[in-house]
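Visitor: Going left to right, the sequence shown walks through residues 56 to 231 as our numbering numbers them.
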Amino acid sequence: IIVTAFLSSAIVFITTLMDATRIRSFTFWLLGDLSGTTSRLLGVALVGAAIGVGILVMNARSLNLMMLGARDAFDLGVEVGRVRLTVFAAASLLVGASVASSGSVGYVGLVVPHLVRLSFGSDNRLVIPAAALAGASFVIVADTLSRTIIAPRELPVGAITALIGAPLFIYLLRRG
56 IIVTAFLSSA IVFITTLMDA TRIRSFTFWL LGDLSGTTSR LLGVALVGAA IGVGILVMNA
116 RSLNLMMLGA RDAFDLGVEV GRVRLTVFAA ASLLVGASVA SSGSVGYVGL VVPHLVRLSF
176 GSDNRLVIPA AALAGASFVI VADTLSRTII APRELPVGAI TALIGAPLFI YLLRRG
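1) Rounded to whole angstroms, what's the CA-CA distance from Asp127 to Pro168? Just pull it up for me.
2) Are there 16 or more other CB atoms within 10 angstroms of the CB of Leu228, so buried, or fewer, so exposed?
3) Compare the beta carbon distance of Gly213 and Val160 with 7 Å and say whether it is the shorter of the two.
4) Since Val133 and Leu120 are thought to touch, with beta carbons under 8 Å apart, how far apart are those beta carbons, to the nearest angstrom?
5) Hey, Gly87 and Ser147: beta-carbon distance below 7 Å or not?
6) Fully enclosed by the segment 65-149, which alpha helix (DSSP H) runs are 4 residues long or longer?
7) Please report the distance separating the alpha-carbon of Gly164 from that of Val182.
8) Whole angstroms are fine: how far does the CA of Ser201 sit from the CA of Pro211?
9) Give every residue of the same chain whose Cβ lies closer than 7 Å to the Cβ of Asp198, excluding the five residues on either side of it in the sequence, and list them in chain order.
10) Buried or exposed, going by whether 16 or more other CB atoms sit within 10 Å of the CB of Leu111?
11) Helix, strand or coil for Ser159 per DSSP?
12) Could you give the residue range of the alpha helix (DSSP H) that holds Pro211?
13) Quick check: what's the CA-CA separation for Asp74 versus Leu131?
14) Just checking my contact of Leu123 with Asn179 at CB under 8 Å: how many whole Å lie between their CB atoms?
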């Protein structure tokens with residue numbers, strides 16, 4: 056709560072120093088926007104996403120074993136430290152690629168993998184690629200809604216993902 060309050064204050068301070076045209080683009084970047092994504096930027100993001108998902112898929116078996124606990128996974132031959140570092144690097148690559156191309160689109164990486172896991176079980180060999188495809192599909196649907204709900208005006212795509220994702224996240228938390 057303290058960090059959120061501090062960062063929110065910093066954002067308000069920064070926006071008060073901006074002119075009106077920059078405030079709109081800053082708001083769209085802050086809440087996510089796909090309209091400014093160029094084909095070159097999309098290509099770079101797709102390469103980053105493909106590499107990141109590929110690395111995660113290659114480590115899916117180890118991640119399955121790590122769900123038993125680090126000690127048990129180690130006893131079963133998993134290099135736990137290496138896998139953690141590799142998965143952290145892959146996740147960072149995925150986040151970097153997506154934020155660089157579209158800004159901060161909330162709740163996609165938080166809610167979608169949990170819903171996929173509820174639907175398909177906990178085998179990461181299936182969950183990782185399914186979550187990647189479901190997350191991309193969710194963003195496309197949210198982007199379509201953001202462009203059509205109040206057409207000809209446009210909402211930031213992150214506003215739509217938050218409106219859908221926040222209630223789903225609360226549901227997932229209450230469900231346990």
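Note that the Cβ used here is the ideal one computed from N, Cα and C, for glycine as well.
Guide: Result, derived from the coordinates:
1) For the purposes of this step, residue 127 is identified with residue 72 of the sequence shown, where counting begins at 1. For the purposes of this step, residue 168 is identified with residue 113 of the sequence shown, where counting begins at 1. When only Cα atoms are considered, Asp127 and Pro168 end up about 24 Å apart.
2) Residue mapping note: residue 228 aligns to position 173 of the sequence shown, counting from 1. Residue burial is scored here from C-beta neighbours: Leu228 has fewer than 16 other C-beta atoms within 10 angstroms and is therefore classed as exposed.
3) Here residue 213 refers to the residue found at position 158 when the sequence shown is read from its first residue. Here residue 160 refers to the residue found at position 105 when the sequence shown is read from its first residue. Yes, they are a contact pair.
4) Indexing the sequence shown from 1 puts residue 133 at position 78. Indexing the sequence shown from 1 puts residue 120 at position 65. 5 Å between Cβ atoms; contact.
5) Working through the sequence shown from its first residue, we reach residue 87 at position 32. Working through the sequence shown from its first residue, we reach residue 147 at position 92. No, these two residues do not count as a Cβ contact at 7 Å.
6) Within the segment 65-149, the complete alpha helix (DSSP H) segments at least 4 residues long are 75-86, 94-113, 115-121 and 125-130, listed from N- to C-terminus.
7) Within the sequence shown, the letter at position 109 stands for residue 164. Within the sequence shown, the letter at position 127 stands for residue 182. When rounded, the distance between both Cα atoms is 13 Å.
8) Walking along the sequence shown from the start, residue 211 turns up at place 156. Walking along the sequence shown from the start, residue 201 turns up at place 146. Between Pro211 and Ser201, the C-alpha separation is close to 6 Å.
9) Here the question's residue 198 lines up with position 143 in the sequence shown. So the list reads Leu89 and Val212, once near-sequence residues are dropped.
10) For the purposes of this step, residue 111 is taken as residue 56 along the sequence shown, with counting starting at 1. Of the other Cβ atoms in all chains shown, 16 or more fall within 10 Å of the Cβ of Leu111; this residue is therefore buried.
11) Translated into positions along the sequence shown, residue 159 becomes position 104. DSSP places Ser159 in coil when its eight states are reduced to three.
12) Within the sequence shown, the letter at position 156 stands for residue 211. In the DSSP annotation of this structure, Pro211 is not part of any alpha helix (DSSP H), being labelled neither H nor E.
13) Along the sequence shown, read from residue 1 onward, the residue named residue 74 stands at position 19. Along the sequence shown, read from residue 1 onward, the residue named residue 131 stands at position 76. The alpha-carbon atoms of Asp74 and Leu131 are separated by roughly 58 Å.
14) Counting from 1 along the sequence shown, the entry for residue 123 is found at position 68. Counting from 1 along the sequence shown, the entry for residue 179 is found at position 124. In fact, because the Cβ distance is near 13 Å, the residues do not count as touching under 8 Å.
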